[in-house]
Amino acid sequence: MSVANCLSDPGKISCGVPQGSILGPLLFLIYINDMSQAVESELYFYADDSCILFQHKSLHDINRQLNKDFSNICDWFVDNKLSIHFGEDKTKCILFASKMKMKNIGSLDISYKNIEIKQHHHLSYLGGLLNDTMSGEEMALNAIYKINNRIKFLYRKNMYLTYNLRRLLCNSLIQPNFDYVCSTWYPTLNQKLKDKLQASQNKCIKFCLSMGQRTSLSFSHFKKIDWLPVKDRVLQCTVVHVFKYFSKKCPRYFDELFQTANSNISTRQSLLKLYQPFRKTNNGKNTISYLGPKIWNALPDLVKQCKSLNSFKHKLKSYYFEQLETKENNVFSFY
3 MSVANCLSDP GKISCGVPQG SILGPLLFLI YINDMSQAVE SELYFYADDS CILFQHKSLH
63 DINRQLNKDF SNICDWFVDN KLSIHFGEDK TKCILFASKM KMKNIGSLDI SYKNIEIKQH
123 HHLSYLGGLL NDTMSGEEMA LNAIYKINNR IKFLYRKNMY LTYNLRRLLC NSLIQPNFDY
183 VCSTWYPTLN QKLKDKLQAS QNKCIKFCLS MGQRTSLSFS HFKKIDWLPV KDRVLQCTVV
243 HVFKYFSKKC PRYFDELFQT ANSNISTRQS LLKLYQPFRK TNNGKNTISY LGPKIWNALP
303 DLVKQCKSLN SFKHKLKSYY FEQLETKENN VFSFY
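According to the numbering used here, the sequence shown is numbered sequentially starting from 3.
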């Protein structure tokens with residue numbers, strides 16, 4: 003440690019990783035690299051957050067496997083001189099099922115040496131809110147709450163803000179709440195929540211353009227502020243993932259989500275088309291693996307053939323604005 007150019011005496015570290023060091027993240031990942039070998043279920047890592055995932059039709063088998071894997075994980079922690087936080091805010095369990103199955107299914111029973119892990123109906127993971135039916139409702143309500151509170155705060159400071167500052171603040175403080183993993187939770191929402199999200203965006207636009215609360219919005223207002231309505235913004239965010247897939251700029255797991263359509267003739271046009279998977283249920287049709295190819299295949303080739311991500315986003319936004327402008331009688335409800 004160095005303080006005012008004075009170095010402390012050196013010391014040896016027999017285990018663990020020095021906090022705040024440059025090599026710390028890499029050393030930590032190397033240190034826990036074999037953690038997945040301790041379990042039979044799927045184990046997902048993100049920095050120091052880990053998640054055990056197991057799926058089965060039988061609740062009895064789920065309880066049995068998760069208890070076995072959790073016990074093995076705890077033993078692995080002990081062997082590697084690490085500690086696991088058993089507090090309710092740190093270690094949680096949740097059971098995912100459809101709404102119909104949740105009515106008749108039992109509860110999880112996960113424990114380790116008389117320490118029971120509480121089951122939750124919704125929890126936070128990597129900044130996202132998950133509920134046991136994977137409906138996206140918790141994420142939407144949380145986004146609406148944050149958006150409306152921040153708009154109220156900005157209105158109190160409105161006398162000090164110019165148009166450019168208002169727009170900058172809305173882009174930096176509010177827009178991320180609409181965008182964060184929106185392609186996973188927005189399609190699952192009911193129409194009532196989608197309308198509330200659109201109403202929150204309308205408030206942002208009226209704030210930026212210094213409009214009255216009861217003033218109706220039209221396409222020209224969205225165009226002036228260069229914001230797509232929430233529904234089209236989600237489409238844009240979803241199809242950007244597909245463009246990154248074609249550009250080889252997305253994580254490897256996207257290879258499991260998308261698949262290039264088979265074609266006897268390997269042309270540029272055939273390579274820019276994705277295989278549309280079959281999905282029987284509405285939940286399946288709301289996934290990015292289904293919506294991504296559906297939206298992408300419907301785009302003009304001129305948009306899909308962009309060379310860079312930035313030019314693709316601009317052309318895509320222009321395309322959606324053109325689609326909105328041609329719709330008769332403003333089918334969106336702006337209020």
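Ideal Cβ positions, reconstructed from N, Cα and C, are used throughout, including at glycine.
Cβ atoms of Q278 and K306 stay farther apart than 8 angstroms, at about 15 angstroms. Counting only the Cα atoms, C76 lies some 29 angstroms from P253. Put simply, of F30, S100, W78 the residue whose alpha carbon is nearest the alpha carbon of T283 is S100. Where H124 is concerned, the enclosing beta strand (DSSP E) starts and stops at 124-127. Counting the other CB atoms within 10 Å of its CB gives E140 a total of 16 or more, which places it among the buried residues. Residue pairing by DSSP places N133 opposite H124 in a beta bridge.
Beta bridge pairing from DSSP links D51 with Y48.
Secondary structure of V5 (DSSP, three-state): strand. About 7 angstroms separates the beta carbon of L97 from that of Q121, a gap short enough to meet the 8 angstroms contact definition. For Y33, the uninterrupted alpha helix (DSSP H) run begins and ends at 26-33, by DSSP. The Cβ atoms of S137 and T190 sit closer than 7 angstroms to each other.
Assigned with DSSP and collapsed to three states, E327 falls in helix.
Within the region 132-187, the runs of alpha helix (DSSP H) at least 4 residues long that lie entirely inside it are, in chain order, 139-158, 165-171, 177-181, 184-187.
In the assembly as shown, L199 is a buried residue. Its beta-carbon has 16 or more other beta-carbons within 10 Å. In chain order, F180, Y188, K196, L199, Q200, Q203 place their CB closer than 8 angstroms to the CB of V232, counting only its own chain and leaving out the 5 sequence neighbours on each side. C-alpha of L170 to C-alpha of F47: approximately 34 angstroms in a straight line.
Classified as buried, D71 has 16 or more neighbouring CB atoms from the shown chains inside 10 Å of its CB.
Residue state for Y114 is assigned as strand, using DSSP reduced to three classes.
DSSP, reduced to helix, strand and coil, places C95 within a strand of the structure shown.
L259 sits in coil when the DSSP states are folded into three classes, being neither helix nor strand. Relative to the Cα of E324, the nearest Cα in the group L276, K225, L293, N288 belongs to K225.
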